[in-house]
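Report on the structure given below.
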Amino acid sequence: MGVSEESLVPAAARASAPRQSSRSRDAQRHTWLIAFPVIALLLWAVVYPNAAVVAGSFENGLGHWREFAASPADREALRTSLVISVASVFAALAIGVPLAFLLGRFEFPGRRVLRAVATLPAALPPLVGVIAFLFLYGESGVVTRALQRTLGMEEAPWRLKGVGAIVFVHAYTMYVYVFLFVSAGLERFDATLDEAASGLGAGMWQRLRRVTLPLLMPAVAGSMLLVFMNALGSFSAPYVFGGGLRVLSTQILASKTNGALGLAYVETTVLALSAVAGLILFRWLDRKRKFASTGKGGRTRRVIRSRRAQLAMSVLAAMVVIILVLPHLMVVLVSFARDGAWTTQVLPPEYTLENYRRLFSERELWKPIINSVSMAVVATAANVVVCFLAAYLIVFRKFTGRRLLELLLALPWAIPATAIALGLAATFNRNDPATLRILLVGTFWILPLAYFIRDTPLVASAVESSLRQMDPSLEDAARGLGGSWFLTMRRVIIPAARPGLVAGALLAAVTAVGEFVASVVLYTHANRPISLEILAQLRALAFGTAASYSVLLIVLVLLMTLAARSFEERLA
Amino acid sequence: MMGAPAAARGSGDGALVLDGITRRFGDYTAVDAVSVEVGPGELLALVGASGSGKTTTLRIAAGYETPDAGSVQLGGTDITQLPPAKRGFGMVFQHYALFPHMPVEENVAFGLEARGVNKATRLGRAREALAAVGLEGAGARAIQSLSGGEQQRVALARAMVIEPRALLLDEPLSNLDPTLRQTMRDDLRAMLHRVGVPALFVTHDQEDAFAIADRIALLKKGKLLQSGTPDDLYHRPASREVASFIGRGTIVPAVDRGDEATISIAGNEITIPVTRPAGARAPINQAYVVLRPDALQVGGNAEQRGWSGVVVNRRFAGGVVMYRMRLSDSVTVEVESRHHGLSEGDNARVTPGKGPFPLLA
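Chains as they are written, first to last, in numbering that gives the first Met the number 0: chain A, 0 to 571; chain B, 0 to 360.
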């Protein structure tokens, strides 16, 4: 989508330095004129709610913490969350690394198709992916039933429940991170290092073990961190497939729903701390890296020549392509299924356009779509403005608050969405100007705010990476030629930031329009987004309607991507 | 110049031979029927502009490319299909290709590690190899902390520690700054001779080739133009292409008179002694002569003999001065002179030295 894999990890996790130091006191005052509102907003929207949660967990001393420690359910939730996260990391590695090597290093029939669909799982909104898996591999899913019939079994061959099911779904959706990072690492890999090793007598495995893999470690570690954070904060898969299983993110919602707010605060704090601990752990593991990737690349893919190997590769590629495309196809298929008709058959027995007709004609069904789109637009617009200013400050200005700003921008990335949402729920639940609280819970604005916070790291790092490619002396040159600050912004800085702004805005809009995890904590009936309507329809066993919403969501994502691309092409 | 140790000093005949090598990429022929031979202890430079096919030739010698035609032999054995890992060659890459995640000594020891040598032994030998290139005690350093010259020495140590059967170097000096380059030339020549195996190195810089190589193979557009000693290429170029690439000089038309040739510039005819191209007995119809700056002299207008000309450019070069002299509308020559007294715009006479001058077809 025009964003480098690095922008998936926020700037604070990487090294950065300002491109230019502002010299005069005048410039310094000017810097603060922009920096103050940005920092104040982020402190208020990001830090304050989370601090409120931590404070809330101590509202009666250590009482809630003791309650947490004494609760077998909570201890189980913490353990399960960690187990799932670690297992997801390894499952994603097991798929992503070989796939990246296969597509990056070898040429075989079917490679292009496989490459084209390899990132497809990332295009599924989280909840949609989960329900697609339900339709396919659930107890009454198509694949499950087909297998059961073929083998003449009494019961389903498996149950899509528990840790295994969650890790299965995570592996499918999150291997994409590993794949993208490792592919990029392989592309940058200096091919002469491999040649040097082979010239010195090293065989294939030795080169892999001693040269290729160690040099790919930064990319691998980065993607592992990303998967870990995503898996830890994952809500949809445990919520739908968990069964009786407890994980921290679902436990938080349960406690909140039961009115045990103090306990929910403790759980939220523990979840956020686990994420931060994970972040620190990975940075520590990656600490030894002192070398930079050389970034020349230029290795040609090895053509597989043996007929038998070609055939094997093509069959394998075809199978992987089918597995990757199947969830999307399944959602489309089910979207045409008549609600309530699909009971024990392998495939839905009746097909109709009714689901779509109702979606567009019934006001109540149309509402979530309007909600999602308008909330995504508001959140994305805010992201674009705030993140642009923040990235501009970080790249071009040197001031005392720069490190703080970087940290603020990265923070939402390290805090699971459930925790962010609970923080907002705990903070903006009443009007109290003295404590800077305003009532947002129950209003339209709470969800856009949540989306804005969640997407801030993504947009900021996309813009930042664009600005870093700009020659910093251009700003000086423009100012030196007598351009005002606004003219320089409009004619020099914004055009330079544009690719990052477009890519970042697209990512933010796509994420926001399908957002589920924060929404499920904060929504009300009036502002329910598409994802929650999908869940509600699923609960009512209206699979067809749920699927048609999902298709609509996919189409929306597709349209936004195309719009962003044509916008970029027209300007570029 | 040092004695050229082209005579075998290694074990038996370990010569590296490229025999009729051709390599095509699609329609493009990168290397076109090139044959060269490097004896044990001999240094051969593959010289050419970019796109001349010199690097592809080196990569074929190393085994990273397979030729479409021709063969690679070492000590009489055909190794054309042998993968790089099995050739036992030491290679120094243009950007050195040092493993950034390993300290210096592990880099140097890597070839021994690949051969299953135990850790203590291989690190010991790595340190010896580092000492041999003047990097005692640098074993534990990180690659990133090395200067360009140090990296080059590490790359050399890494290639030599495996006791290679041949050494291949891709632009070994191109990443060094000019001063370092001068000293490295001598060091490199001495070190390569010490190893005593065939050494093949690629360079676009003829000065590097002159300074280091025993013999030079000059390539252009994939074809071998000439191979021979630096002296051969400079004084006895095989063609005008070679003469214009190697050294400075102006190529002017001449009338072939056997051991002499007559050059006419602006109506002024001068006959000079020439060396005929190898094998050219018969008179050459359209002959040319190379006028090198060091084979010409410049004198005041009082001089009777010679072509009269105007100084269009004067460049101070230490003990000598380089004058660019316009002798006619179509002929401008460079003259290297100890005579410092002329200024731009002065008239002067250019006279040929003793020669002999290279005669070309």
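Virtual Cβ for every residue (Gly too), placed ideally from N, Cα, C.
All figures in this text were calculated on a predicted structure; none of them were measured in a lab.
- Assigned with DSSP and collapsed to three states, V512(A) falls in helix.
- Interface annotation, V210(A): in contact with chain B, CB-CB separation under 8 Å.
- Between the stretch 205 to 221 of chain B and the stretch 269 to 281 of chain B there are fewer than three inter-stretch CB-CB distances shorter than 8 Å, so the stretches are not counted as touching.
- CA-to-CA, the gap between T228(B) and D213(B) works out to about 6 Å.
- Taking a C-beta distance under 8 Å as the contact criterion, G137(A) and S222(A) do not qualify as a contact pair.
- A residue is called buried once 16 or more other Cβ atoms fall within 10 Å of its Cβ, and F35(A), having fewer, is exposed.
- Within the stretch 28 to 70 of chain B, the complete beta strand (DSSP E) segments at least 3 residues long are 42 to 46, listed from N- to C-terminus.
- Residues E335, S336 and R337 of the same chain have their beta carbon placed closer than 7 Å to that of V319(B), with the five preceding and five following residues left out of the count.
- In this structure, the straight-line span from the alpha carbon of V129(A) to that of F451(A) is close to 24 Å.
- Shown here, Q468(A) sits in coil according to DSSP, grouped into three states, outside any helix or strand.
- Around the beta carbon of M203(A), a 10 Å sphere encloses fewer than 16 other beta carbons of the protein chains shown; the residue is thus reported as exposed.
- In the DSSP assignment, A260(B) is bridged to D255(B) and I271(B).
- At a C-beta separation below 7 Å, P237(A) has no neighbours in chain B, since its nearest C-beta there lies roughly 38 Å away.
- Each residue's CA atom was taken as its position, placing H327(A) and V372(A) some 22 Å apart.
- Inside the stretch 308 to 360 of chain A, DSSP marks whole alpha helix (DSSP H) runs of 4 or more residues at positions 353 to 360, from first to last along the chain.
- Contact note: F200(B) does not reach chain A at a C-beta cutoff of 7 Å; the least C-beta distance is about 15 Å.
- By the C-beta criterion, the stretch 273 to 281 of chain A is judged to be in contact with the stretch 226 to 233 of chain A, since at least 3 inter-stretch pairs fall below 8 Å.
- Rounded to the nearest whole angstrom, the C-alpha separation of A311(A) and V320(A) is 14 Å.
- In the three-state reduction of the DSSP assignment, F88(B) falls in the strand class, which pools E and B.
- The Cβ neighbour count for F188(A), taken over all protein chains shown within 10 Å, is at least 16; the residue is labelled buried.
- For M488(A), no alpha helix (DSSP H) run applies, since DSSP gives it neither H nor E.
- Looking at the DSSP output, Q72(B) bridges to V16(B) and D77(B).
- With a threshold of 8 Å between beta carbons, Y27(B) makes no contact with chain A.
- The count of Cβ pairs closer than 8 Å, one atom from the stretch 546 to 564 of chain A and one from the stretch 120 to 128 of chain A, reaches three, so the stretches are in contact.
- Of the candidates M321(B), L290(B) and V71(B), the residue whose Cα lies closest to the Cα of W306(B) is L290(B).
- At a beta-carbon threshold of 8 Å, the residues of chain A lying near A96(B) are D189, T191, L192, E194 and A195, ordered along the chain.
- Interface criterion not met: the Cβ of R304(B) is under 8 Å from no Cβ in chain A.
- The C-beta of H100(B) comes closer than 8 Å to at least one C-beta of chain A.
- Remark: fewer than three beta-carbon pairs, one from each stretch, lie closer than 8 Å, so the stretch 244 to 264 of chain B and the stretch 67 to 78 of chain B are not flagged as touching.
- A distance below 8 Å between beta-carbons, with the five flanking residues on each side excluded, links L352(A) to the following residues of its chain, in chain order: F335.
- For Y238(A), the uninterrupted alpha helix (DSSP H) run begins and ends at S235 to F240, by DSSP.
- Apart from sequence neighbours up to five positions away, the residues of its chain that approach R323(B) with a beta-carbon distance below 7 Å are V311, N312, T331 and E333, ordered along the chain.
- With contacts defined as CB atoms closer than 8 Å, P528(A) and M374(A) qualify as a contacting pair.
- The closest CA to that of I303(A), considering only H63(A), R24(A) and L101(A), is found on L101(A).
- For the stretch 110 to 126 of chain B, the set of positions with a beta-carbon nearer than 9 Å to some beta-carbon of chain A reads G110, L111, E112, A113 and R114 in chain order.
- The alpha helix (DSSP H) runs of length 4 or more contained entirely in the stretch 214 to 287 of chain A are, from start to end of the chain, 235 to 240, 247 to 256 and 260 to 284.
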